[in-house]
Amino acid sequence: NAGVMQNPRHLVRRRGQEARLRCSPMKGHSHVYWYRQLPEEGLKFMVYLQKENIIDESGMPKERFSAEFPKEGPSILRIQQVVRGDSAAYFCASSPGTGDYNEQFFGPGTRLTVL
Amino acid sequence: AQSVAQPEDQVNVAEGNPLTVKCTYSVSGNPYLFWYVQYPNRGLQFLLKYITGDNLVKGSYGFEAEFNKSQTSFHLKKPSALVSDSALYFCAVRFNTGGFKTIFGAGTRLFVKA
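Here the protein sequences come in this chain order: A and B. If you read the first sequence in this note's numbering, its first letter stands for residue 1, the second for the next number, and so on. If you read the second sequence in this note's numbering, its first letter stands for residue 116, the second for the next number, and so on.
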């Protein structure tokens, strides 16, 4: 059973460009979470999605950031008009959603560098 | 406000000695508690969790954690540290505020010296 897949692993963008980060949850998992980790800092929650629904986006910046988890295909975190402050590691996690006490399974992360 | 605290940025311990990584929380209701470990350039890996029942929880790689409701703590422990345990450790709390939410502590870096 493959784990959580994220791609690309590394992404370099110039200021003003768009960044698209993809996450394929573990097989059978219907809940996806996105987190941001800045160097030497902890994880900051961004958004929680189920298939075709955003459940909690309280951690998402109000502008430039969006996320989706379509019925088919991976979850996408999209950052428009990137700025240097967006440089960070972005982690996706999934859980089966069959119980609220389930642990999350994390992907290897996408490291975004904005030049 | 709901919060999770890991009061130590860094813990240093000699190989073979016991280790403790501290975690305290402040949330309403009965939370679910988790520990994760992160190795360099990797995602987080689940270590153990407390849901209900016995306050002492055993997890992967010989780690255990003790839930203390009166002190609202969930400290991670291991009787004998290994150099390979050196990593970043995160405590997490999942709680219900009209929908479940998970918050992570800031992380504690563990250095185990040979």
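Note that the Cβ used here is the ideal one computed from N, Cα and C, for glycine as well.
Please compile the residues from chain A whose C-beta is within a distance smaller than 7 Å of the C-beta of residue i.
i: Gly222/B; result: Gly42
i: Gly158/B; result: Phe91, Phe106, Gly107, Pro108 and Gly109
i: Phe219/B; result: Gly42 and Leu43
Can you tell me which of the options puts its alpha carbon nearest to the alpha carbon of residue i?
i: Pro39/A; options: Glu103/A, Ala88/A and Asp100/A; result: Ala88/A
i: Lys192/B; options: Gly214/B, Asp124/B and Asn132/B; result: Asn132/B
i: Phe91/A; options: Phe106/A, Gly85/A and Asn102/A; result: Phe106/A
i: Pro122/B; options: Val128/B, Val227/B and Val136/B; result: Val136/B
i: Arg64/A; options: Met26/A, Tyr33/A and Gln17/A; result: Gln17/A
i: Val47/A; options: Ile76/A, Ser24/A and Arg13/A; result: Ile76/A
Assign residue i to one of three DSSP states: helix, strand, or coil.
i: Arg157/B; result: coil
i: Ser199/B; result: helix
i: Ser66/A; result: strand
i: Ile75/A; result: According to the sequence provided, residue 75/A is Ser. The question's Ile does not apply to it. If DSSP states are grouped into helix, strand and coil, Ser75/A belongs with the strands.
i: Ser118/B; result: strand
So which residues of chain B does residue i contact, with C-beta pairs closer than 8 Å?
i: Ile55/A; result: Gly214
i: Asp100/A; result: Tyr147, Arg209, Asn211 and Phe215
i: Phe69/A; result: Within chain B, no residue comes near Phe69/A; the closest Cβ sits about 16 Å away, beyond 8 Å.
So with CB distances below 9 Å, who are the chain A contacts of residue i?
i: Thr135/B; result: In chain order: nothing, as chain A lies at least about 19 Å away.
i: Phe205/B; result: Gly42 and Leu43
i: Phe161/B; result: Glu103, Gln104, Phe105 and Phe106
Can you tell me which residues form a DSSP beta bridge with residue i?
i: Asp56/A; result: Tyr48/A
i: Arg15/A; result: Note: Arg15/A sits in no beta bridge, so no partner.
i: Ser24/A; result: Met5/A
i: Ser94/A; result: Val32/A and Phe105/A
i: Arg209/B; result: Tyr147/B and Thr217/B
i: Ser188/B; result: Thr139/B and Asn183/B
Could you check where the beta strand (DSSP E) with residue i kicks off and where it finishes?
i: Cys98/B; result: Residue 98/B falls outside the range modelled here, since chain B spans only 116 to 229, and no answer is possible.
i: Ala180/B; result: Glu179 to Asn183
i: Leu112/A; result: Thr110 to Val114
i: Arg224/B; result: Thr223 to Lys228
i: Val126/B; result: Gln125 to Ala129
If we cut at 9 Å on Cβ distances, does residue i have a partner in chain E?
i: Val82/A; result: Absence of chain E from the displayed structure is noted, the protein chains being A and B.
Which chain A residues sit within Cβ distance under 8 Å of residue i?
i: Lys164/B; result: Tyr101 and Glu103
Got a sec: does the ligand GDP put a non-hydrogen atom nearer than 8 Å to the Cβ of residue i?
i: Val128/B; result: Inclusion of the ligand GDP in the displayed structure is not the case, the ligand content being empty and no account of it being possible.
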